[in-house]
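These notes are about the structure you will find just below.
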Amino acid sequence: MRTWDLFGDAVNTEIQDATKANDDCKCVKDIYGDRDKIRNRLHWIYMVELSVEKKHYVSPMLAKKKKMASFGVILLLSAVTLMFCFFSPTRSDPDSLQDFCVADLSSKVAVNGFPCKPNSAVTSDDFYFAGLAKEGNVSANPFGAAVTLGSVATFPGLNTLGIAMNRVDFAPGGISMPHTHPRATEMVFVLKGRLLVGFVSSANVLYSKVVKPGELFVIPMGLIHFQQNLGKGKAQAVTVFNSQNGGAVLLSPGLFGAKPGIPSSVLAKAFRVDEKLVNDIKSKFGA
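Rendered as structure tokens:
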């Protein structure tokens, strides 16, 4: 009797061919035990398959499981790839879909950004801005700092380009009060003087550094930060943003000068002081 005759049609022709060299059923039984002692017929087939060096028989169920596992791995890798494609680090603003889109600041159309001027009305001057060449008037600011904006609001050629640059001038001891930029990361480049630059993380940890001319300090998007002139003379810096309009939320005017105002009882509890002191601070911000 041939080995595969024991199992009828359960053994395919490939295994039949492969076992012709070992056609003695007794040899197989001696190695793996009698057929009646093996509970599962497929398990017996698997035992025979182990004695074959040429090819291995894989049950349809096992093959199906392997195929499903392979499909699952492919699906997972595809999902990870798509995640990196769509969520890879990019600039803050969306990419432009054309060469340029000079902002039409006079347009009354409300969009996320500004509508484009007709290309026929665009000139070289739209891509030129001299506003940062002039020193800001620090004496007009009680905090001793003056910011000259180089954003889309003053430089329409920046529209859709995802970048902006400001000039900041400091009087001796002047500060750029604690604030945030909700839509942009900021990089501070000091041109003159010494600035203490710092930001506070969401874990309330302060990261700060004294930055000198030619040095940089980066401030992650949305975090509270400040600058202070530590020198006896004036200081100057340029700040670069990865948005045409990163926005600015000033903490003290926002909390104590909002209109309508934040209830004094809320601020008193938040700062653990009495309402009289809160109202006194509010009066300094015109509230």
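Number 237 in full-length UniProt numbering belongs to position 237 of the sequence shown; there are no gaps in the numbering.
C-beta: ideal position from N, C-alpha, C; glycine also.
Every alpha helix (DSSP H) stretch that sits fully inside the UniProt domain "Cupin type-1" (130–279) and reaches 4 residues is listed by chain position as 251–256, 264–271. Taking a contact as a CB-CB distance under 8 Å, the pair residue 121 and residue 136 does not count as one, their CB atoms being some 31 Å apart. For residue 183 against residue 231, the beta-carbon gap comes to about 31 Å, at or over 8 Å, which does not count as contact. In the DSSP assignment, no residue is bridged to residue 121. In the DSSP secondary-structure assignment, residue 116 is bridged to 103. Residue 244 sits away from residue 150, with the two beta carbons spaced by 8 Å or more. Assigned with DSSP and collapsed to three states, residue 283 falls in helix. Taking 8 Å as the cut-off, the beta carbon of residue 103 is found closer than this to the beta carbon of residue 156. Taking the Cα positions, residue 148 is about 34 Å away from residue 266.
Distance from the CA atom of residue 278 to the CA atom of residue 260, rounded to whole angstroms, is 15 Å. Residue 229 counts as buried, since no fewer than 16 other beta carbons sit within 10 angstroms of its beta carbon. The three-state secondary structure of residue 95, taken from DSSP, is coil. Closest option to residue 251, judged by alpha-carbon separation, among 96, 166, 281, 207: 281. Judged by beta-carbon spacing, residue 133 lies beyond the 8 Å limit of residue 191, meaning their Cβ atoms are not closer than that value. Under the 10 Å beta carbon count, residue 202 is surrounded by fewer than 16 other beta carbons and is classified as exposed. In this structure, the beta-carbon distance from residue 198 to residue 170 does not fall below 8 Å. Considering only 113, 254, 216, 123, the residue with the shortest C-alpha distance to residue 285 is 254. Spanning the alpha carbons of residue 99 and residue 119 requires a straight line of approximately 10 Å. Cβ neighbours of residue 152 within its own chain (closer than 6 Å, five residues either side excluded): 103, 158, 159, 244, 245. By the neighbour-count definition (other C-beta atoms within 10 Å, threshold 16), residue 114 is a buried residue. Residue 188 sits close to residue 211, with the two beta carbons spaced by under 8 Å. Here residue 242 is buried. Its C-beta has 16 or more other C-beta atoms within 10 Å. Taking the C-beta atoms as reference points, residue 234 is found nearer than 8 Å to residue 172. Considering only 200, 276, 175, the residue with the shortest C-alpha distance to residue 227 is 175. Counting other Cβ atoms within 10 Å of its Cβ, residue 168 reaches 16 or more and is therefore classed as buried.
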